[in-house]
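**Student:** Mind looking over this structure? Questions follow.
Residue numbers (this note's numbering), protein chains in the order written: chain A, 4 to 117; chain B, 11 to 248.
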């Protein structure tokens, strides 16, 4: 087992532990956590299974196995960023509705007092 | 007798807002119009909120800054929920002279329009804006006419009157940023009759434009995209 493999295993396990802790403490909602768990699981898998990367690269026709890692990571990051933009857009819309309701309700409340 | 609401979005308009509100109320009493002024304070950081509390108007204070579209929609929502028959929209900076309000009412009655837009480019009187802005407005005129076949000379004008049919639509959805041109597409796709009437606009009396020089390219892009997407998204009602 090479030095880099040990480092990879330890860091991905630590990452998995950290995510589990966040979920347990209720700081990370489950629906957002699923993606993180899957990503970390993939990391752990490949840090144990060294030949796996070469086998998969061969399968999809990538010459240099590290490129498979980069492509996979970039695609995952893009999808996740898009997902976050969706979440933010939804929050912004809900926020707007809440603010409008508050303004209208505040006006009603002061009218009753006055 | 129909009930009118005048929605005035205000963001840091301490200098001009009281004159605008008072002028609207004066116009209403001179012309015998039953009208309430609704000032939507879009979380101003100046003394707008204390000023409007003293004026004879309905003050809606937003707890966070929503931008012009969100602010105007707040006023429209209030007008819709409280049973107003018509809602005007005018700027809080004094660009739109309230004396012109009856013109919009007349235009709507004579032509049976659901939406009346006050245009400064029909009679070409009053403040005509800069050449750059007029070029942009002509481009929107072309874009809107190609998409929905309505000829609007002043699509960015925020001086408008809409009836209850239109209010029920904007109660559900109103564009956020730079809403004016996009709203025209929204109305047209919902089969509302849209028309324009000439009005005299002034240069702003206070405050700053929501569209800075550097933002104008972004403005063109954003509004073009919004117009096209609204055109695709909103299904034409039969």
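Beta carbons are placed, not taken as given, at the ideal position from N, Cα and C, and that holds for glycine. Please read these numbers as outputs of a predicted model, since none were measured by experiment.
(1) Cβ closer than 8 angstroms: which chain B residues qualify as neighbours of residue 97/A?
(2) Which word fits residue 1/B, buried or exposed, when buried means at least 16 other C-beta atoms lie within 10 angstroms of its C-beta?
(3) Could you please tell me which residues of the segment 69-97 of chain B, in chain order, have their CB closer than 8 angstroms to any CB of chain A?
(4) Please name the residue in 107/A, 26/A, 113/A whose C-alpha comes closest to that of residue 73/B.
(5) Compare the C-beta of residue 8/A with all C-beta atoms of chain B and state if any pair is closer than 8 angstroms.
(6) Taking the DSSP output, what are the residues bridged to residue 170/B?
(7) Can you pull the chain B neighbours of residue 109/A, defined as C-beta to C-beta under 7 angstroms?
(8) Applying the criterion that 16 or more other CB atoms from any shown protein chain within 10 Å of the CB defines a buried residue, is residue 209/B buried or exposed?
(9) Hey, how far is the Cα of residue 27/A from the Cα of residue 97/A?
(10) Identify which residue in 160/B, 88/B, 36/B has its Cα closest to the Cα of residue 66/B.
(11) Can you check whether the CB of residue 192/B is closer than 8 angstroms to the CB of residue 236/B?
(12) Output the distance between the C-alpha atoms of residue 46/B and residue 32/B, rounded to the nearest integer angstrom.
(13) On the three-pair Cβ rule with 8 angstroms, is the segment 80-96 of chain B touching the segment 151-165 of chain B?
(14) For residue 139/B, tell me which candidate among 109/B, 211/B, 68/B, 83/B has the shortest Cα-Cα distance.
(15) With distance defined between alpha-carbon atoms, name the residue in 11/B, 81/B, 118/B, 106/B nearest to residue 22/B.
(16) For residue 88/A, count neighbouring C-beta atoms within 10 Å of its own C-beta (all shown protein chains included) and say buried if the count is 16 or more, exposed if not.
(17) Using three-state DSSP, classify residue 233/B as helix, strand or coil.
(18) State buried or exposed for residue 170/B, treating a residue as buried only when at least 16 other CB atoms are found within 10 Å of its CB.
(19) Can you tell me the Cα-Cα spacing of residue 34/A and residue 43/A, whole angstroms?
(20) Taking 8 angstroms as the CB-CB cut-off, is residue 106/A touching chain B?
(21) Which whole-angstrom value is the C-beta distance of residue 184/B and residue 83/B, which I expect to be below 8 angstroms?
(22) From this set, 201/B, 214/B, 228/B, which residue's C-alpha is nearest residue 244/B's C-alpha?
(23) Following the continuous alpha helix (DSSP H) through residue 119/B, name the residue where it begins and the one where it ends.
**Tutor:** So, to answer that:
(1) Near residue 97/A there are no residues of chain B at all, since even the closest Cβ is about 12 angstroms away, more than 8 angstroms.
(2) With chain B covering only 11 through 248, there is no way to say anything about residue 1/B.
(3) 69, 70, 71, 72, 73, 74, 76, 80, 83, 84, 87, 88, 91
(4) 107/A
(5) no
(6) 99/B, 127/B
(7) 71
(8) buried
(9) 27 angstroms
(10) 36/B
(11) yes
(12) 11 angstroms
(13) no
(14) 211/B
(15) 81/B
(16) exposed
(17) helix
(18) buried
(19) 15 angstroms
(20) yes
(21) 4 angstroms
(22) 201/B
(23) 111-121
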